[in-house]
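Everything in the sequence shown is counted per this note's numbering, starting at 107 for the first residue and increasing by one.
Data block below; observations after.
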Amino acid sequence: TKNLYDQGIGTYQSVLQAKTQVETLQGNINTLQKQAALMTVTAPQSGVADLVNVRVGETFVGATAAGPQIRIVNTGDLKIRANIPENYMGSVKVGSPLEVVLPDQNNRIVNATVTVVGKIIDPGTRTFYIEAKVPASSNLKPNQVAKVHIKDYNNPNAIAIPMNTLQNDEAGKYVMLAVKEADRLIARKRSITVGELYKDRLEVKSGLQPGEQLITEGFQSLYDGQLITTQVK
């Protein structure tokens, strides 16, 4: 119509009426498009709807006071959340490896990597928050309870001994070794410096060499220089 008006055909009033009609129709189209969009429900992620609390004909609002109307589960995109004591704040970083232990699956271990580290210490629990993504093949369930072991220390060349073999006296920490001297096996006291403890294994920083024979049974009653006799059980 405007083109016709520019050519001298029609009146200015007819142009305004036609323009108003076009704008009204365009507004109606936009309204209908928005209403049509409400007919389609889109999930923020792919997965399986394991909970559906809405029926045909009911209004879908996402969630009600009774809970979600639809719950989507995607076990291929799970993450572990844990609160870690504040004394580990300096050693736990994004990229740190950890072990996820599953008590209800015979303590099965799943390896994961820290992806998020909180920056604030909870004043009530003195802990900070971490997240770690787990592999899709780990066979975990949402809201499953697990234990998290943080690998905050690594020494591939460490010498480790059973914790119960460590003894103490006024001179410090020591262990008993079986040393071969002149074709005889002699008990020798060896002072050591210890490091980190993991489960029942204690790291020895100094005092022992690879290949030395540690006495693990009956060592409490031995003294330095005592002749050792062995029995075959």
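Idealized CB from N, CA, C, for every residue including glycine.
Assigned secondary structure, F166 (DSSP; H/G/I helix, E/B strand, else coil)
coil
In or out: I236 buried (at least 16 other Cβ within 10 Å) or exposed?
buried
Please give the ranges of any alpha helix (DSSP H) in the segment 200-230, keeping only runs that are unbroken, at least 4 residues long and fully inside the region.
none
Please specify which runs of the beta strand (DSSP E), each continuous and at least 3 residues long, are wholly inside the segment 264-330, giving them in chain order.
265-268, 273-275, 278-287, 290-297, 299-304 and 307-312
Whole angstroms is fine: what's the gap from T336's alpha carbon to I215's?
39 Å
Between the segment 309-318 and the segment 249-265, can you find at least three pairs of beta-carbon atoms closer than 8 Å?
yes
Does the beta-carbon distance from T221 to K247 come in below 8 Å?
no
Label L283 either buried or exposed according to how many other C-beta atoms from any shown protein chain fall within 10 Å of its C-beta, with 16 as the threshold for buried.
buried
Below 8 Å, can you find three or more Cβ-Cβ pairs linking the segment 165-185 to the segment 201-213?
no
Which word fits I186, buried or exposed, when buried means at least 16 other C-beta atoms lie within 10 angstroms of its C-beta?
buried
If you draw a straight line from the alpha carbon of D258 to that of V154, how long is it in whole angstroms?
37 Å
Verify whether the separation of the beta carbon atoms of G317 and S297 is less than 8 Å.
no
Should F234 go down as buried or exposed, given a rule of 16 or more other Cβ atoms within 10 Å for buried?
buried
Classification of L328 by the beta-carbon crowding that lies within 10 angstroms, buried from 16 upward:
buried
Would you identify the three-state DSSP class for I256, choosing helix, strand or coil?
strand
What separation, rounded to the nearest whole angstrom, lies between the Cα atoms of Q326 and R294?
12 Å
Simplified DSSP assignment, three categories, for N189:
strand
Indicate the three-state DSSP secondary structure (helix, strand or coil) for A242 in the structure shown.
helix
Roughly how many angstroms separate the alpha carbons of Q141 and Q175, rounded to a whole number?
20 Å
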